[in-house]
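Shown next, in structure tokens, is the structure this report addresses.
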Amino acid sequence: MLRSLYFKLNFQYLDRTAFFFLLPSLLYLILFFIYPFIYGLVLSLTPEQGKPIYDNFHIFLADDWQRSTIWKTTRLAIPITLLVVVVSIPLAYTMRRGIKFERIVTTFLILPISLGTVLIAEGVLGFLGGNGWFNQFLIKIGLMKEPLRLTYNYIGVVIGLFMKNFPFCFLMLLGYVSGINPEIENSARILGARPMQVFWRIMLPLMAPGITIAFCLVFVMDFAVFPTAILLGQPANETRTIAIAAYQMAFEHYDMPKASAIAIIMAMTQMIGLVIILALRRRLYRGTSLGITKG
Amino acid sequence: MERPTIGSIEIQITKRFGRKTVLDNFTLEVKGREFVTLLGPSGCGKTTALNCVAGLVPLSEGKILIDGDRLDTTPPEKRGIGMVFQNYALFPHMTVFKNISFGLELQKRPGDEIKSRVEEVLSLVRLQGFEDRFPGQLSGGQQQRVAIARALAPRPKLLLLDEPLSNLDAKLRLDMRAEIKNLHRELGLTSIYVTHDQTEALSLSDRIVVINEGVIQQVGAPKEIYESPSNLFVADFMGCENFFTLRVKAIESDGKTALLEQDGFQLKLSNIPQPKIGDDITLTIRPDDIQIVHSAIKDPSNTASGTVSVVQYLGKENDIEVFLDNKRKIRVKSPERVEREDRITLYFNPEKIILVPKG
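Protein chains in written order, with the working numbering: chain A, 130 to 424; chain B, 14 to 372.
Spelled out as structure tokens, the structure:
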């Protein structure tokens, strides 16, 4: 028994041993990801009696109102992701070697993560809503006659999602950029590069892999927007995202096959987005993957 | 090859980090074409001094002048200095060519000049043909050579080297040391070198500056530092491991030869300037300057007997720890074969004994 176990743990049996140790995580993956995914896929390909196999997809894509959710979601996800990443980059870059009161600043920046979507939405409504402090202030000082419409529309979702996803992106990039050996930027300075040249020619290319990953993750989170789109947006029209469409199909019309088809379409759209992002990054900075980013 | 040079650089720095003074009125003048080494243990402030000259760290007080012009108020990118770092600090996303041409491109040099200069510095460090490699594809020694080439390409008037050999393995370190020495002889580039390794400092430098806790201990030529250290710290750092403080007991009629004694350990020395009876004098001798004698002791006053406690075999010699009969511990390096627990007699050659000035 022991002897056979010894042989099993030997190098030539490494594959089998590796499989043995991977089993728990494989099991988890199969039970909670692959099985539901295949179940959903099969469900989505189960049309009503006598209809072609792709019928559930066809119904969604042929309906202008339903199909428009893809565009509405993309229209939210891409600008918000860009905004989050573009705001995070200079902030993380400035804080890469630490700043004064860093702990307090970081705490405030990451607080929204721990608050949860609903509390953020409530806060945004209270502050930026039609009767919120911000509009009251604008009207009081005479800058506005009517309150600005900042909630229950596209802008509301942008603000809510930005607040929710910015800390995540910022922290990720901060970790990445402060891991880059400071001697690299020092040597660029001494070779004659001004601070902005150091940023554009050295540090940004070195940050590219981190930025890409952050962009992908934020994009996926933004694309799946659901509570924020309902609480801060106009879920009946302007911000009726694809997740809302799937939810309505599943729990208002109780049509699981069609809801599954919507979910699959959503996943596909996300995948296409990710492929485009990764392809763009490869075109922008080709050499980075060859070097060692961290000193 | 025509290279810019400087007349001299005058450094006078005080640097504090918070309440801690890292450099306390650090004053040094380096002349053109000179190779000066800042030598000291880690945390002594030598790298901070170098970073101040490079402009990476602002001074708390003081100034740095190159040929009389203020350098410390110039941003690092306008100082015209080259620097080599301990971790090479190559740009990992650029090829060797791009790494080296980076500084030249910032100077807006024409393309063919950039090309010829890159070739020139690559041949200086014997790395022709590596232009298209990325740093990640090079060995540590090759990376450090690229770093040196990159620092040389813009023809700096001053070269700073921050422990450039510390990350290399022992054999490569020796090769690179010789190469740096060669480059300096060829180019005559004014250089400031930082290291904690005394052999590096001794072999490369025109002058050595020994630093401890932000204060200069001694400045001098390698021979001077090695043979007459100015205080206990320098002596200890330069490899004198055996220290004794003995009291002058008697002076012979010539007025020069003094008999020193402490706890039954006696030495007779004639190189003490103006000895006075009752003076305490600190002496040191390097482990490899102590001889093991077997019989026929010529000068019994400069010998001591003891028991070998530890023997480390080092190849061409043994590193021996001896407990003298007066409980003193002595390190000896000798090719003699001895074993643990052996009784041996040590001879302290008066000519090899170094007087350590107080302070």
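Quick reminder that beta carbons are idealized off the backbone N, C-alpha and C, glycines included.
Fair warning: this is a prediction, and the values are worked out from it, not measured in the lab.
In three-state DSSP terms, what is residue i?
i: B/T320; result: strand
i: B/R260; result: strand
i: A/G255; result: helix
i: B/R299; result: coil
i: A/T210; result: helix
i: A/A322; result: coil
i: A/M385; result: helix
i: A/V404; result: helix
i: A/T203; result: helix
i: B/Y326; result: strand
i: A/G416; result: Reliability of the predicted coordinates at A/G416 is poor, the pLDDT of 48 falling under 50, and no value is obtained from them.
i: A/E275; result: coil
i: B/E334; result: strand
i: B/R168; result: coil
i: B/R122; result: coil
i: A/I371; result: helix
i: B/R29; result: strand
i: B/T270; result: coil
i: B/T212; result: helix
i: B/R158; result: helix
i: B/Q304; result: strand
i: B/E354; result: coil
i: B/T18; result: coil
i: B/D293; result: strand
i: A/I331; result: helix
i: B/F39; result: strand
i: B/K371; result: coil
i: A/I270; result: coil
Name the residue from the options whose alpha carbon lies nearest to the alpha carbon of residue i.
i: B/G20; options: B/D37, B/E132, B/L273 and B/S204; result: B/S204
i: A/T223; options: A/I284, A/Y183, A/Q363 and A/L333; result: A/L333
i: A/Y281; options: A/I371, A/V171, A/F266 and A/L360; result: A/L360
i: B/P235; options: B/Q211, B/K262 and B/Q275; result: B/Q211
i: B/Q304; options: B/T295, B/S283 and B/A317; result: B/A317
i: B/Y239; options: B/D80, B/A263 and B/A214; result: B/A214
i: B/G68; options: B/R46, B/G53, B/M96 and B/V49; result: B/M96
i: B/L187; options: B/P348, B/L217, B/L172 and B/L202; result: B/L217
i: B/S243; options: B/L259, B/K262, B/V223 and B/G227; result: B/V223
i: B/R83; options: B/K33, B/I22 and B/Q141; result: B/I22
i: A/S307; options: A/R145, A/Y183, A/P219 and A/L205; result: A/P219
i: A/A353; options: A/I405, A/H382, A/F380 and A/N294; result: A/N294
Taking its Cβ as the centre, do 16 or more other Cβ atoms sit within 10 Å of residue i, making it buried, or is it exposed?
i: B/K184; result: exposed
i: A/N310; result: buried
i: B/N255; result: buried
i: B/P17; result: exposed
i: A/Q195; result: buried
i: A/M378; result: buried
i: A/N264; result: buried
i: B/H6; result: Since the first residue of chain B shown is 14 and the last is 372, residue 6 of chain B is not available in this structure.
i: B/L117; result: buried
i: A/D351; result: buried
i: A/R318; result: buried
i: B/Q287; result: exposed
i: A/Y168; result: exposed
i: A/M395; result: buried
i: A/P165; result: exposed
i: B/V323; result: exposed
i: B/I5; result: Residue 5 of chain B lies beyond the range of chain B shown here (14 to 372); nothing can be said about it.
Check whether the stretch 130-138 of chain B touches the stretch 55-65 of chain B, taking contact to mean three or more Cβ pairs, one atom from each stretch, closer than 8 Å.
no
Report yes or no: do three or more beta-carbon pairs, one from the stretch 282-292 of chain B and one from the stretch 334-341 of chain B, lie closer than 8 Å?
no
Along the stretch 325-346 of chain A, what residues have a CB closer than 9 Å to any CB found in chain B?
Q326, V327, R330, I331, P334, L335 and A337
Do the stretch 63-75 of chain B and the stretch 284-302 of chain A meet, that is, are 3 or more Cβ pairs less than 8 Å apart?
no
Quick one, which residues of the stretch 378-400 of chain A are near chain B if we go by CB-CB under 9 Å, in chain order?
Residues: none.
Going along the chain, which residues of the stretch 61-79 of chain B sit with their C-beta nearer than 9 Å to a C-beta in chain A?
Listed in sequence order: N64, A67, G68 and L69.
Taking a cut of 8 Å between CB atoms, which residues from the stretch 313-345 of chain B lie near chain A?
none
Short of 9 Å Cβ to Cβ, which residues in the stretch 85-97 of chain B face chain A?
Contact annotation: in the stretch 85-97 of chain B, residues whose CB is within less than 9 Å of a CB in chain A are P88, P89, E90, K91, R92, G93, I94, G95, M96 and V97.
Do the stretch 248-262 of chain B and the stretch 270-279 of chain B touch if we need at least three Cβ pairs shorter than 8 Å?
yes
Members of the stretch 105-119 of chain B near chain A, C-beta cut-off 8 Å:
P105, H106, M107, T108, F115, G116 and L119
Could you say if the stretch 191-209 of chain A and the stretch 326-346 of chain A meet the contact criterion of at least three C-beta pairs nearer than 8 Å?
no
Closer than 9 Å, Cβ to any Cβ of chain A: which residues of the stretch 178-199 of chain B, in chain order?
none
With a threshold of 8 Å, are at least 3 pairs of Cβ atoms found where one atom belongs to the stretch 171-183 of chain A and the other to the stretch 378-393 of chain A?
Two segments are said to touch when three or more pairs of C-beta atoms, one from each, lie closer than 8 Å; by this definition the stretch 171-183 of chain A touches the stretch 378-393 of chain A.
Cβ contact check for the stretch 107-116 of chain B and the stretch 149-166 of chain B: 3 or more pairs under 8 Å:
yes
Contact list for the stretch 262-279 of chain A against chain B, Cβ threshold 8 Å
none
Listed in chain order, which residues of the stretch 294-327 of chain A have Cβ atoms closer than 8 Å to some Cβ of chain B?
N310, E312, I313, N315, S316, A317, R318, I319, L320, G321, A322, R323 and Q326
Where the stretch 159-170 of chain B meets chain A: residues whose CB sits under 9 Å from a CB there:
A160, R163, A164, A166, P167 and P169
Does the stretch 319-328 of chain A come within contact of the stretch 226-244 of chain A, defined as at least 3 CB pairs closer than 8 Å?
no
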